[in-house]
Amino acid sequence: MNLPLRDSNRSLPLVLTLLSLTSVAELRAPAADWPTYRGDNRRSGVTAEAIRVPLLPAWTYASPTPLQMAWPGPAKWDSYANLRRLESMRNFDPALFVIAVGDSVYFGSSVDDAVHCLDAKTGAEKWVFHTDGPVRLPPSWHQRKVYFGSDDGNAYCLDAALGDLVWKRKPSGEENLLLNDGKLISHWPCRTGVLIQDDIAYFGASLVPWEPSYLCAVDATTGAETGPGRYLEKLEHFTMQGAMLATQTRLYLPQGRQQPEMFERATGRAIGGFGGSGQGGVFAVVSRTDEFLHGSGQNHGSDGEVRGFDANSRDYFVTFPKAKRIVVTEATAYLNTGTELSGFARARYLEIAKHQAQLQAQHKRIKEALKKLGDKAKESAGEKLKDDLKPIEAELATVPPQLAACYLWRTVADCPHDLILAGATLFAGGDDRVTAFATATGKVLWSAAVTGRAHGLVVANGRLFVSTDRGTIHCFQMAAGE
Amino acid sequence: MGLGLRFWGRFLILWRVRIFNRPIVGLRSGLIAWAGGRWLGWVMLVTTVCQAAAQPLAWWTFDAEHIEVTKLLDRADDLHGVIQGPVRLTKDPFGALNFDGTENSADIPDIQLEDFPRSQISVEAWVALDAGLAWGGIVGCFQDNGDFEKGWLLGYDESHFRFAVSASGRLTYLTATAAFQKGQWYHVVGTYDGQAVKLYVNGKLEATSMDQHGDIAYPPKAFLTLGAYRDDNEFFRMQGKLHEVAIYGRALDPKEIESNFSTKGTPTPKPFAFRVPPHVRFLTPDTATISWETDEPSECSIEFGVGEKFDQQIPDAGSKTRHQLTLRGLQTRERYQYRIRTSSAQDGRRVTEAFELDNGLNYSVAQVADSPSPYPNTARSRQCGLVADQILSTTGITRGYCLLLDCNDGQLAYELARRSELIIVGVDTDPDQIARARALLRKAGVYGSRIRLHHAASLESLPYPQSFANLIVADGGADSVLLPATAQQLIPLLQPATGVACLGPWRSVTPTEVKDRVTKWLGELKANWNFVPADEGGWVRITRNPPADTGSWTHQYGDAGNSANSQEGLQGAARTDRLEVQWLGRPGADFGIDRNPRMPAPLAVNGRLFHQGLNRLAALDSYNGALLWSLEIPALRRVNMPRDAGNWCADSEQLYVAIKDRCWVIAAGTGELLRTFPLADRGLRASHEWGYVARAGDLLYGSSVKQGAVYTDFWGKESWYDGTSGAGTEKICSDDLFAVASANGELKWRYQGGVVINSTIAIAGGRVLFVECRNPAVRALTSSRIGSPKLWENQYLIALDAQTGAKLWEQPVDTADGIVVFYLLAAEDKVFLAASASGKYNLYAFSAAEGKSLWQTTHNWPHDNHGGHMQHPVVVRNTVFLEPCGYEAATGKLLTNDVGRHGGCATYAATSNALIYRGEGGRIAMWALADAAVTSWYNLRPSCWLSTVPANGMVLSPEGGGGCSCGNWLETSIGFAPKLGPKTN
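As they're listed, the protein sequences go chains A and B. Take 1 as the starting number for the first sequence in the working numbering and just add one per residue. Take 1 as the starting number for the second sequence in the working numbering and just add one per residue.
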């Protein structure tokens with residue numbers, strides 16, 4: 001049995017160190033837990049566990065009725081702007097996402113308002129804890145407790161083994177509920193999940209941007225909001241939804257169609273957003289080198305995109321068109337556009353992209369200055385600016401081939417819904433299918449049928465869990481003896 | 001002249017000598033050797049003598065054989081094309097490329113216009129269109145920009161094929177006499193021989209013009225695009241299929257055209273004669289019925305599948321005119337297509353175009369699994385079943401929310417859920433009971449999907465929103481006559497329009513005792529109740545009245561008088577911060593068309609909200625947002641409301657929707673199609689559609705507009721309909737007005753005079769009022785979409801008796817030309833006309849009794865874009881508001897010029913105390929009449945016309961703006977209720 005030894009925020013540095021020092025393909029890392037949404041608080045989607053394929057089906061959990069997502073789908077198109085295939089920016093709960101710790105699997109349900117704990121070996125139910133509203137994101141496991149939020153407005157802490165309530169906190173206090181697609185929920189549902197870092201539980205309670213939102217940091221053990229680094233901030237014009245992220249000093253909150261916002265972790269002070277109006281989306285990763293990669297919304301662009309920003313300064317530096325998911329390691333980043341999977345040299349690519357962003361910014365500034373000159377652009381000041389443009393444009397022209405040269409491999413892959421990295425294997429979620437690829441070559445290693453669109457992938461303790469939009473959780477495991 | 005030379009090793013190949021624009025003999029190829037720096041002379045010379053006149057100069061076939069990835073091969077020469085967008089090929093019945101109307105078309109790059117045919121031309125295509133367009137193109141090489149019109153175009157409009165040529169003058173557009181049928185294949189040819197322009201459809205001459213002569217006049221530059229109407233100013237892509245396009249350097253003669261048509265062997269399509277076009281009604285999450293009616297008895301089947309597959313088929317037994325088939329096993333959130341295949345003695349076998357069935361927009365509630373009850377079969381279970389039956393039969397409430405007090409073990413909740421479509425909220429003070437019940441109901445698979453249970457410390461103080469429960473019941477257990485909670489707590493939770501509290505059963509209690517107990521329980525509370533006897537006791541049935549200031553929004557602009565005012569009081573609330581979210585959720589942006597095309601307004605009456613989307617509509621409970629039903633109707637669409645009348649209206653029990661040549665009467669509570677009414681004049685039914693629709697008294701009012709006139713386009717900036725003149729500002733007009741009995745469609749009267757401008761038709765005070773144009777030139781127009789300046793001549797303001805249709809009075813009117821918009825609003829004693837053009841709003845008042853002019857005034861537009869030039873006036877009590885001014889209705893005196901300024905394209909709607917509009921930052925805002933205070937909901941966006949209405953005691957904002965991809969919009973439907981007490985937060 002793999003004991004749940006580590007906390008959600010502490011495992012990745014070791015993993016990345018190992019990855020950087022060792023031949024990844026040969027590494028046979030020990031089994032590991034997956035204690036929070038996308039594995040850690042940076043939502044990296046990475047585990048060191050080197051699970052071996054092929055995998056065999058072990059068990060399947062099926063929701064008795066379809067999932068009840070928080071929001072309807074996106075518009076079919078922006079017909080005015082001639083854009084089709086708009087991506088949803090609020091689809092943070094398309095599947096019963098799981099976490100896996102030891103021999104337990106935990107998930108929250110939008111169907112029955114409960115958190116479920118299953119036996120990872122058999123799929124048998126260990127316990128169920130009901131709340132008064134849908135639970136839209138998976139719990140976080142920390143020191144033998146699980147933490148999660150509910151649309152009833154509470155953040156909960158349960159005993160992980162028994163499912164007993166340890167504490168719950170509702171920042172909005174008593175209220176009259178509102179009706180939401182057959183449910184009675186809080187005006188301030190907790191749809192950020194609960195993130196644990198340094199024994200503090202962070203969560204947001206928020207719904208509509210014309211009402212104030214709450215950002216909370218409470219003691220993970222007691223739920224108390226008193227003490228250093230604990231707070232309950234009441235904030236205007238936010239609509240916090242989707243899994244929260246954290247670094248040592250920052251919190252990051254996706255906001256649906258609004259752009260994600262960065263906060264000071266110690267105080268809850270809002271620092272600013274990433275990108276412009278309409279650049280929302282609930283997929284986000286903070287890399288170990290502090291790039292904030294975020295998508296997959298659009299701002300007058302089709303088919304989604306992932307945008308990259310400096311995770312501290314919030315400076316924009318790159319857009320990956322049509323990207324759905326990205327996994328970033330020290331050496332290599334893996335990009336899933338839904339039709340193509342690729343691996344590229346992370347550091348070099350981002351270095352070029354950042355330089356390109358600087359050049360583009362300079363170019364834009366000069367162009368704007370020229371525009372301001374109007375008819376005087378033909379005079380000497382204008383000519384000087386035009387001369388300034390030339391080397392920038394020449395250098396910009398050299399960027400695309402440099403970026404292309406960073407790619408280690410590219411392969412056709414029709415699996416747009418998720419991407420994670422387990423040791424030397426990438427797992428990608430498609431329609432009715434999950435597929436494994438070799439990180440070194442992009443070659444398909446294994447594939448298996450699932451029921452529905454595979455939105456949630458987890459590798460933990462020798463098992464692969466696949467959560468689909470049909471409300472199923474498929475468990476695959478290594479063959480005996482592996 | 002074109003010369004093709006290419007080296008191949010040491011040979012120089014002379015591979016083409018071409019004179020594209022001359023039907024003469026051409027030299028096709030040759031070979032010259034070059035070696036050692038010396039010409040070796042002609043080694044081989046092959047000339048292919050071709051009679052170019054007999055062959056097409058360019059010939060493209062859209063099949064796998066002639067498309068290489070995205071390259072479209074020219075089978076005649078080297079005018080190869082590039083297909084933009086997705087390449088989706090079909091084979092039935094020809095190889096063809098699917099054009100989606102938005103992303104794909106085929107461009108022929110690098111064309112040399114000097115090579116193009118000049119003295120004669122023929123343009124030929126095999127095409128199947130899925131949608132008409134105001135400006136549709138199959139293939140063209142032209143510019144049509146204002147007065148500059150050159151080149152030629154084979155295309156179509158909303159309903160007919162067209163061919164246009166410019167030689168001696170501007171483009172002459174020929175229009176086929178017969179309308180095309182969507183989804184059917186046609187052979188279309190346009191010819192020009194230097195004198196006559198001709199258009200042939202399926203081998204038959206459809207139109208001829210002698211207006212042009214001489215060589216074709218080409219513009220200096222133009223596109224040669226297939227599958228689109230494209231010039232420098234416009235780019236409208238085709239929605240349909242192309243099999244083949246050919247261009248000839250001479251005018252084909254009729255025999256050749258007939259021969260070319262016959263060669264393909266496709267029978268001439270006959271219009272698919274739907275009497276009532278198909279519509280989908282969702283029954284359960286995986287079941288839907290599709291219903292339609294045909295003119296002639298026929299045997300039908302449905303072919304359907306996910307995406308573009310049609311891999312499932314359901315036959316409908318027997319030859320009949322009324323058809324209904326049920327599709328089962330539909331997958332959650334999948335989008336299907338279906339088509340109907342028919343076989344009749346008269347028409348043979350035919351298949352319709354493909355229609356959409358989007359199960360992702362199926363809002364029906366989850367069904368309780370047909371499996372054994374999780375509860376033991378005991379006396380209590382039998383009692384719960386009996387009680388559930390009695391509650392449902394006593395109240396007739398089977399949809400929406402049910403509040404179950406003292407839910408105990410959840411068994412009554414389970415039995416109610418099994419027998420209805422109710423969403424049940426159970427509450428109990430015993431947490432252990434709740435835990436046990438949750439476990440049992442989860443085991444039955446209904447917990448969360450249909451039933452939710454809450455623990456409450458006391459039933460005297462429940463955290464539920466006011467007015468939310470369609471049904472309130474209590475599980476009385478053994479002691480059934482205990483009245484639950486207090487009436488003061490319970491009754492305000494009842495939905496006030498149609499909600500019922502059903503308490504009982506009352507056993508062994510005399511009527512007097514019932515009366516005493518209920519009267520005492522209700523105390524001072526105003527509620528209506530009666531006792532309904534039943535086996536094993538009876539039931540007390542309680543209803544409540546909506547607040548006295550509750551209003552309705554039954555027509556496009558609130559009422560049949562177009563006041564844009566629902567008379568909704570919102571219990572005094574005139575600010576957004578005096579309202580709070582009562583419900584929030586589906587339908588979302590995926591239900592709608594998009595924000596831009598100025599869709600019909602939602603309607604709300606008798607506790608129900610009706611919302612139109614993309615070829616679909618839905619009914620929600622206004623007070624709790626519960627989806628009551630939805631219909632998908634492919635033929636349902638009308639846009640550009642500022643230039644037309646709405647396509648629907650509602651009363652307390654029925655919804656009336658104009659679809660093609662009929663008005664559908666739909667049960668408001670269930671979505672059942674009760675009946676359809678045809679146009680009043682039998683003679684117009686083949687050529688006209690139902691235009692205006694309104695309800696007043698016991699009559700339903702309608703009008704007839706020529707087919708193809710109504711605006712339906714929604715794609716692109718042109719379909720924003722924000723212009724100040726020209727395309728998109730033409731007014732939809734009617735050729736008659738009529739009234740039928742709303743109960744049975746019996747014709748009561750019909751009026752036929754001039755051309756009636758739909759946006760001016762209003763009913764108030766027992767009068768039907770409108771403006772008509774009697775100009776003969778306008779009356780002679782072949783389209784009901786009228787942009788002619790003559791529309792503003794010979795105009796009359798007319799009042800008819802609403803009951804009899806008798807003319808009460810008429811007055812000639814000479815307003816400013818309403819080029820942008822032209823509206824009429826009718827109140828009890830006054831009529832207002834608003835004409836917008838040339839930077840100004842012009843407002844006119846007349847007496848309703850005799851049409852006497854009372855006053856007129858004018859003010860500048862706030863903007864000439866984003867609707868700043870096309871706002872609809874609003875009447876509130878004694879004031880007429882038209883941004884930014886408010887005028888005294890009686891005198892025209894300016895009362896204010898400080899009406900809350902719109903901040904994006906939408907128009908105003910009024911409560912009794914405020915105007916609701918799109919304000920600063922593009923948000924939905926309120927402007928309070930009392931103090932001019934402006935408040936708004938941050939990041940809440942309406943549609944580009946009228947999607948937020950005050951009615952039923954609420955502000956109702958079904959989603960209208962989510963397609964706007966540049967903003968942070970909330971993108972869902974919301975109902976706001978007045979705050980009755982401070983909300984804790």
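Glycine included, C-beta positions come from ideal geometry on N, C-alpha and C.
Which same chain residues end up closer than 7 Å to TRP409(A) when comparing Cβ atoms and leaving out the 5 residues on each side of it in sequence?
SER342, GLY343, THR441 and GLY442
Would you say HIS866(B) faces chain C, with C-beta separation under 9 Å as the test?
In the structure shown, chain C does not exist; the protein chains are A and B.
* Asked: Once you ignore the five residues that flank ALA487(B) on each side, which residues in its own chain have a CB closer than 8 Å to its CB?
  -> TRP521, LEU522, GLY523, LEU525 and ALA527
Check your understanding: Counting only beta-carbon atoms, is ILE593(B) nearer than 9 Å to chain A?
Key -> yes
Do HIS872(B) and ASN562(B) count as a contact pair if the criterion is CB distance below 9 Å? yes
What is the DSSP secondary structure of ILE340(B), reduced to helix, strand or coil?
strand
Checklist entry - Among ARG257(A), TYR252(A) and VAL282(A), which residue has its Cα nearest to the Cα of ALA266(A)? => result TYR252(A)
Is there at least one Cβ from chain B nearer than 9 Å to GLU174(A)'s Cβ? yes
**Asked** For LYS830(B), which option in ARG595(B), ASP898(B) and ALA849(B) has the closest C-alpha, if you only look at C-alpha atoms?
**Response** ALA849(B)
| field | Identity of the residues DSSP links to MET240(A) by a beta bridge | value | MET240(A) pairs with nothing; no bridge assigned.
| query | Counting along the chain, where does the beta strand (DSSP E) carrying LYS241(B) start and finish? | reply | 239-248
Practice problem: May I ask you to list, following chain order, the residues of the region 584-609 of chain B that have a beta carbon less than 8 Å from some beta carbon of chain A? | Solution: LEU584, GLY585, ARG586, PRO587, GLY588, ALA589, ASP590, PHE591, GLY592, ILE593, ASP594, ARG595, ASN596 and PRO597
Q | At least three beta-carbon pairs within less than 8 Å, the region 602-621 of chain B to the region 647-657 of chain B | A | yes
query = What three-state label does DSSP hand SER209(B) in the structure shown?
reply = strand
Exercise for review: Leaving aside the five residues before and after GLY101(B) along the sequence, list all residues of the same chain whose C-beta is less than 7 Å from its C-beta, in chain order.
Suggested key: ALA131, ARG237, MET238, GLN239 and TRP715
The alpha helix (DSSP H) enclosing VAL387(B), as first and last residue numbers:
379-395
So, helix, strand or coil for TYR938(B), using DSSP? coil
Exercise. Can you check whether the CB of LEU252(B) is closer than 9 Å to the CB of SER122(B)?
Worked result: yes
Where does the unbroken alpha helix (DSSP H) through HIS363(A) begin, and where does it stop? 346-373
On the three-state DSSP scale, how would you describe SER563(B)? coil
- Just the Cα atoms here: how many angstroms apart are GLN390(B) and ARG380(B)? 15 Å
| request: Tell me, please, whether the CB atom of ASP78(A) is closer than 9 Å to any CB atom in chain B? | output: yes
| field | Inter-residue CB distance, GLY149(A) and VAL194(A) (contact presumed, cutoff 8 Å) | value | 6 Å
Notebook entry, point to check: Among residues of its own chain, excluding the 5 on either side of PRO54(A), which ones have a beta-carbon nearer than 6 Å to its beta-carbon?
Noted result: TRP446
Item to complete: Could you check the C-alpha separation between LYS371(A) and ALA404(A) for me, to the nearest Å?
Response: 33 Å
Bridge partner(s) assigned by DSSP for LEU422(B) = GLY400(B)
Inset, instruction - Between the Cα of ASP78(A) and those of GLY669(B), GLU828(B) and GLY963(B), spot the shortest distance and give me the residue it belongs to. - result: GLY963(B)
Handout entry: Any C-beta of chain B under 9 Å from that of GLY182(A)
Key = yes
Notebook entry, point to check: Ends of the alpha helix (DSSP H) at ARG436(B)?
Noted result: 431-443
Where SER213(A) falls: helix, strand or coil (DSSP): strand
- Around the Cβ of ASN986(B), are there at least 16 other Cβ atoms within 10 angstroms (buried) or fewer (exposed)? The structure shown does not extend to residue 986(B), since chain B spans only 1 to 985, so no value can be given for it.
Which residues DSSP lists as bridging VAL987(B), in chain order
With chain B running from 1 to 985 in the structure shown, residue 987(B) is simply not present.
Checklist line | Secondary structure of GLU971(B), DSSP reduced to three states | finding: coil
Problem set entry | Through-space distance from ILE314(B) to THR352(B), alpha-carbon basis | 15 Å
So what's ILE302(B) in DSSP terms, helix, strand or just coil?
strand
Status (buried if at least 16 other CB within 10 Å, exposed otherwise) for LYS443(B): exposed
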